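Residue numbers (our numbering), protein chains in the order written: chain L, 1 to 133; chain X, 134 to 266. All C-beta atoms in this analysis are idealised placements derived from N, C-alpha and C, irrespective of residue type, glycine included. The structure displayed is predicted, hence computed values, not measured ones.
Number of protein chains: 2
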Amino acid sequence: MKYSKATNYALHTMLFLVAAPPDKPVGVQQLAEQQRVSPTYLSKILTKLVKAGMIESASGANGGYRLKRNSKEISFLDIIHAIEGTASLFDCSLDHGPECPIQQVVLLAEEKMEEHLRNQTMAELAQKMKMSL
Amino acid sequence: MKYSKATNYALHTMLFLVAAPPDKPVGVQQLAEQQRVSPTYLSKILTKLVKAGMIESASGANGGYRLKRNSKEISFLDIIHAIEGTASLFDCSLDHGPECPIQQVVLLAEEKMEEHLRNQTMAELAQKMKMSL
DNA sequence: ACATTGTAGATCAGTTATATCCACAAATCA
DNA sequence: TGATTTGTGGATATAACTGATCTACAATGT
């Protein structure tokens, strides 16, 4: 079980966007070069973030992507859910009674992880990044 | 991102094994029928649990699988790791500085989940199951 | 108009997950 | 010993998913 590379790209792109000056959009070409993927592929990924309302895109000269919401309001979980979907990690494959006890355990575990990812905002990430430089 | 069906089968098999009387091994045929997969496929999965030291197998008449360790000592995480492997959920795909801040966040989140899965033993699961009947 | 930039569609290769069948090894028992 | 039962390993098939690219098109600014 692993997060997809698409999630990897999405998170890193968000990292670049929170670090960039907020007034000027960043082009997908630049973002794609930094991560060494084709612009069209990265665009597909970022379009999901656009539809989730985290960033906005602008066509034409001086177009690109920029944050839409405040970085304090964007969590890791938001980004991951936008790319991976929100389905649960586990679906009981058997039909034994109304509530599978295994399912309950795994779902609680998943919630612990999500809680942590929900509490980590992009703003905090930007802060961390500055300190490490 | 999802746990594999193999993990699903492994967890359910363990559920059956902790509920079964400990003296008599349970045959793979019976276990496979309950979960509606072929015995050979299930056997492959269970062999991983054998190699991880959780259960033991016996060939020949009256053979089958039974718990090896005490059910109090077997956690959800043990089983999941035996099937899914122990690799991390996230590997930074970029080369930006020694420690990717994204990686750190995701790994901490993963640890929260693992902590919960480590604290849930098969013995507790068996207890839960009894209560729900 | 023209250049720039994001988007949608088609497509494709590679990998992984799921699953089965068959042949074989190991153990029991007559 | 020989027959039967039961787990294991190998080969294989297939379906689904991931990762990725190219081309054509839509939208925007000069």
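Range covered by the alpha helix (DSSP H) that runs through residue i
{"i": "S268 of chain X", "result": "Because chain X here runs from 134 to 266, residue 268 of chain X falls outside it and cannot be looked at."}
{"i": "R118 of chain L", "result": "101-119"}
{"i": "Y142 of chain X", "result": "138-152"}
{"i": "E217 of chain X", "result": "209-217"}
Proximal residues of chain L, C-beta to C-beta of residue i below 8 Å
{"i": "Y275 of chain X", "result": "The structure shown does not extend to residue 275 of chain X, since chain X is modelled only from 134 through 266, so no value can be given for it."}
Chain L contact for residue i (CB, 8 Å cutoff)
{"i": "L175 of chain X", "result": "no"}
{"i": "H214 of chain X", "result": "no"}
{"i": "E206 of chain X", "result": "no"}
{"i": "Q168 of chain X", "result": "yes"}
Rounded straight-line distance, which links the Cα of residue j to that of residue i
{"i": "S38 of chain L", "j": "Y9 of chain L", "result": "12 Å"}
{"i": "R69 of chain L", "j": "T13 of chain L", "result": "15 Å"}
{"i": "E243 of chain X", "j": "A194 of chain X", "result": "43 Å"}
{"i": "E257 of chain X", "j": "I80 of chain L", "result": "32 Å"}
{"i": "Q103 of chain L", "j": "T140 of chain X", "result": "12 Å"}
{"i": "I267 of chain X", "j": "D224 of chain X", "result": "Outside the shown range of chain X, which is 134 to 266, sits residue 267 of chain X, and nothing can be said about it."}
{"i": "A20 of chain L", "j": "L31 of chain L", "result": "11 Å"}
{"i": "Y65 of chain L", "j": "D95 of chain L", "result": "47 Å"}
Those residues which DSSP pairs with residue i across a bridge
{"i": "L67 of chain L", "result": "L:I55"}
{"i": "V26 of chain L", "result": "L:Y65"}
8 Å Cβ cutoff, residue i in contact with chain X
{"i": "M129 of chain L", "result": "yes"}
{"i": "E110 of chain L", "result": "yes"}
{"i": "M113 of chain L", "result": "yes"}
{"i": "S93 of chain L", "result": "yes"}
{"i": "Q120 of chain L", "result": "yes"}
{"i": "L46 of chain L", "result": "no"}
{"i": "L31 of chain L", "result": "no"}
{"i": "N8 of chain L", "result": "yes"}
Chain X contact residues for residue i, given Cβ-Cβ distances below 8 Å
{"i": "P21 of chain L", "result": "None at all; the shortest Cβ gap to chain X is about 19 Å."}
{"i": "L67 of chain L", "result": "Chain X residues near L67 of chain L: none, gap ~17 Å exceeds 8 Å."}
Residue i: contacting residues in chain L (beta-carbon distance under 9 Å)
{"i": "E217 of chain X", "result": "M1"}
Neighbouring residues, chain L, relative to residue i (Cβ below 7 Å)
{"i": "L148 of chain X", "result": "I102"}
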